[in-house]
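Residue numbers (the numbering used here): 1345 to 1622.
Note that CB positions come from ideal geometry on N, CA and C, so glycine has one too.
Nothing here was measured: the structure is a model prediction, and the numbers come from that model.
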């Protein structure tokens, strides 16, 4: 059985290395030939017109803007929801909210995208004009989508803090709210920060929902009501009809996205390591 468990563990590691080999073996040669600066910071993506140009800077900016917007929307709502579940919700009401959060995590992203397309896009169109498919709509949608990650991990982190911290704070004369925000949340900050980092990882890797509501315009946005295209949607939109060089450019785009995800997971590792040392 030890051998079986070892093979199971090695299979996941092997799968990761195969993915890395496929992406980097196809992406690095293209970047060397096309030029790292031109690829990363080029502002024109035109794989069909001649001459072909493969600048992904607008997609990088779009991904970063939507991820930051999602974090601004999802982080305060997620943390406050976790506080409610940990310290205020009781009995059947708590069970109902926890079940709802779990259900949100299991909803396919295409359903979120369809919901935003039918409800959020018309509201955005009425408020801000244009098509309604813009940074604001996509950021709010992503903020909703990362809520289950932030809520569940933050709630677990708050529940892991010894209750004597709260009791001691109340015994010293602090109110319930002050005890929560001045004592319990700081004590659980590493876990809460980890939930935000993982939520950001979910947001930056999201594809179908963003594809439906972000506008998919491969150019630098001029305002929050502009449409944007992310790295993930760029790959989805064009992989089906891509030629040889075009396909290599898309794989190189996937490599850049993969590096972003690695950086996010490395930050998560540092946070957890710091938490263990504390």
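Only residues of its own chain outside the window of five on either side were considered, and among them 1544, 1547 and 1548 have a CB closer than 6 Å to the CB of residue 1411, listed in chain order. Rounded to the nearest angstrom, the gap between the Cα atoms of residue 1475 and residue 1465 is 8 Å. With a cutoff of 9 Å on beta-carbon distance, residue 1535 and residue 1502 are scored as near each other. The Cβ-Cβ distance between residue 1448 and residue 1492 falls below 9 Å.
Residue 1572 is bridged by DSSP to 1559. For residue 1529 against residue 1422, the beta-carbon gap comes to about 13 Å, at or over 8 Å, which does not count as contact. In this structure, residue 1400 places its C-beta atom within 9 Å of the C-beta atom of residue 1597. In the three-state reduction of the DSSP assignment, residue 1398 falls in the strand class.
Following the DSSP letters along the chain, one finds residue 1528 in no alpha helix (DSSP H), marked with neither H nor E.
Counting of Cβ neighbours within 10 angstroms places residue 1558 among the buried residues, the total reaching 16 or more. A residue is called buried once 16 or more other Cβ atoms fall within 10 Å of its Cβ, and residue 1593 is buried on that count. Looking at the backbone, the Cα of residue 1407 and that of residue 1371 are separated by about 19 Å. The Cβ atoms of residue 1564 and residue 1387 lie closer than 9 Å to each other. Rounded to whole angstroms, residue 1599 and residue 1458 show a C-alpha spacing of 28 Å. DSSP places residue 1363 inside the alpha helix (DSSP H), whose first and last residues are 1346-1378. For residue 1573 against residue 1403, the beta-carbon gap comes to about 5 Å, under 8 Å, which counts as contact.
Closest in alpha carbon position to residue 1489, among 1358, 1605, 1603 and 1554, is 1554. A straight line joining the alpha-carbon of residue 1441 with that of residue 1385 spans about 44 Å. Within a 10 Å sphere around the beta-carbon of residue 1486 sit 16 or more other beta-carbons, which makes this residue buried. Distances from the alpha-carbon of residue 1561 to those of 1509, 1350 and 1478 put 1478 closest.
Residue state for residue 1407 is assigned as helix, using DSSP reduced to three classes.
Distances from the alpha-carbon of residue 1505 to those of 1531, 1514, 1518 and 1512 put 1531 closest.
The three-state reading of DSSP puts residue 1567 in coil, since its state is none of H, G, I, E or B. For the pair residue 1417 and residue 1484, the CB atoms are nearer than the 9 Å cut-off.
Distance from the CA of residue 1374 to the CA of residue 1607, rounded to the nearest whole angstrom, comes to 22 Å. CA-CA distance, residue 1345 to residue 1356, rounds to 17 Å.
The alpha-carbon of residue 1456 is positioned some 17 Å away from that of residue 1580. For residue 1499, the enclosing alpha helix (DSSP H) has its first and last residue at 1491-1504. For the pair residue 1540 and residue 1605, the Cα-to-Cα distance works out to about 14 Å.
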